[in-house]
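A short worksheet on the structure shown next.
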Amino acid sequence: MAVIELYKMEVHNEVWRYTSHQNDVLYNGLNWSAHAIERDNGIEQSDNPLRADTAFEVAAGSDLANLALNPPLNVAPKITILRSEDGRQFYTVFAGRIMAGVWNDGFVSVELEAVHTELQITGLTETVTPQCRYSLGSRKCGHIESARTVTVTAVNGNLVTLNESLPLEYNYGRLKHGHNHHYIDTQPNVKTLRLLHPATFTVGDQVEVNRGCDRTLATCHSRFNNAINFGGAVNLPTKNPYIGDPIDR
């Protein structure tokens, strides 16, 4: 009996099922649509479906070719290849993801990457510090900050005077004028803000100001009542507990 291969592609909650057999295949109660697929022999050279390297070709313009050429933004579709020599029992012979589709004389060559190769890719590292790692108002911070509208009464370079008194909570905050955004460096007093760069507005203009966060637990709790979402390591030790060397934070 001819070898039958099943190809399962996944993107989030969407699943596509194809078979290289000339007829549709019913397996596990699911229909696998017949599709002209020509695969190389990379799988036959490995006995580990997580390490095998392979690729296959499909006719340009087909659904599978379009999926390889135009995957969803920033998503590499997952792919699992199953194989059977008797038409009854299928075994997984490859697991990984689709990396690219390349035009090739009326066909599309689909390049695959095995799970083992994917896991070997160096990931991004994250520095652990006593200060919060999240930006105020971000998804992980979770705090919703409302802007306050005030009127400018004086401008001297990057020093701005306002018509209203503000609590001393605007260090590291933001000031918005139209489509322009300014970062607040310091707040010398209740009516004065010092911007990081010279102001682009004039006396009489209305601006929106948002409070700032110095990323400490004390500020997170007292100013925003948001300590439950604090993203810093408050109990990070200052010395190596085994040999006593200082820890670089």
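Counting from 1 along the sequence shown, just add 994 to a position and that's the residue number in the numbering used here. The beta-carbon is built from N, C-alpha and C at its ideal position, and this holds for glycine as well.
First through last residue of the beta strand (DSSP E) which encompasses residue i
i, result
"A1094", "1085 to 1098"
"S1103", "1101 to 1108"
"A1059", "Element bounds for A1059: not the beta strand (DSSP E) but the alpha helix (DSSP H), 1057 to 1063."
"Q1125", "Unbroken run through Q1125: none, as it is neither H nor E."
"I1075", "1072 to 1078"
"T1232", "Here T1232 belongs to no beta strand (DSSP E), and DSSP marks it neither H nor E."
"E1051", "1049 to 1053"
"N1025", "1024 to 1028"
"R1033", "1031 to 1033"
"R1011", "1008 to 1013"
"V997", "Neither: V997 is in no beta strand (DSSP E) and is coded neither H nor E."
"L1020", "1019 to 1021"
Backbone CA spacing between residue i and residue j [nearest angstrom]
i, j, result
"S1159", "T1143", "12 Å"
"S1103", "K1170", "50 Å"
"E1202", "T1213", "22 Å"
"W1026", "Y1012", "5 Å"
"L1227", "R1127", "The sequence shown places Ala at residue 1227, not Leu. Approximately 9 Å between the Cα atoms of the pair."
"L1076", "K1134", "39 Å"
"T1147", "N1157", "6 Å"
"G1198", "N1150", "14 Å"
"V1184", "L1162", "6 Å"
"L1020", "A1028", "11 Å"
"D1208", "Q1200", "26 Å"
"Q1181", "S1216", "18 Å"
"V1316", "A1089", "There is simply no residue 1316 to check, as the chain begins at 995 and stops at 1243 in what is shown."
"L1063", "T1086", "25 Å"
"A1108", "K1233", "41 Å"
"H1176", "T1210", "22 Å"
"D1080", "A996", "8 Å"
"G1131", "L1106", "39 Å"
"I1138", "G1023", "48 Å"
"N1007", "L1058", "17 Å"
"G1167", "N1060", "46 Å"
"V1154", "T1196", "9 Å"
"A979", "S1129", "Residue 979 falls outside the range modelled here, since the chain spans only 995 to 1243, and no answer is possible."
"R1082", "G1225", "52 Å"
Same chain, Cβ closer than 6 Å to residue i, five either side skipped, listed in chain order
i, result
"E1051", "E1032, F1101, S1103"
"S1014", "E999, I1031"
"S1078", "I998, F1084"
"T1145", "N1157, Q1200"
"P1192", "G1151, N1152"
"G1095", "A1062, L1063, V1102, V1104"
Limits of the alpha helix (DSSP H) - the one that residue i falls within
i, result
"T1213", "1211 to 1218"
Nearest-angstrom Cβ-Cβ length linking residue i and residue j, presumed shorter than 8 Å
i, j, result
"K1002", "I1073", "7 Å"
"N1223", "G1136", "5 Å"
Nonlocal neighbours in the same chain, by C-beta distance under 7 Å from residue i, ignoring five residues either side
i, result
"A1070", "R1091, I1092, M1093"
"T1194", "H1171, N1174"
"D1179", "R1188, L1189, L1190"
"Y1164", "I1178, Q1181, L1187, V1203, R1205, G1206"
"S1140", "none"
"Q1016", "A1028"
"S1056", "H1029"
"D1018", "N1025, W1026, S1027, A1028"
Neighbourhood of residue i by C-beta, 8 Å cutoff - its chain only, sequence neighbours within 5 removed
i, result
"D1034", "T1048, A1049, F1050"
"P1065", "V1005, P1071, I1092"
"A1054", "W1097, G1100, F1101, V1102"
**Study point:** alpha helix (DSSP H) runs contained entirely in the segment 1145 to 1202, provided each spans 4 or more residues
**Key:** none
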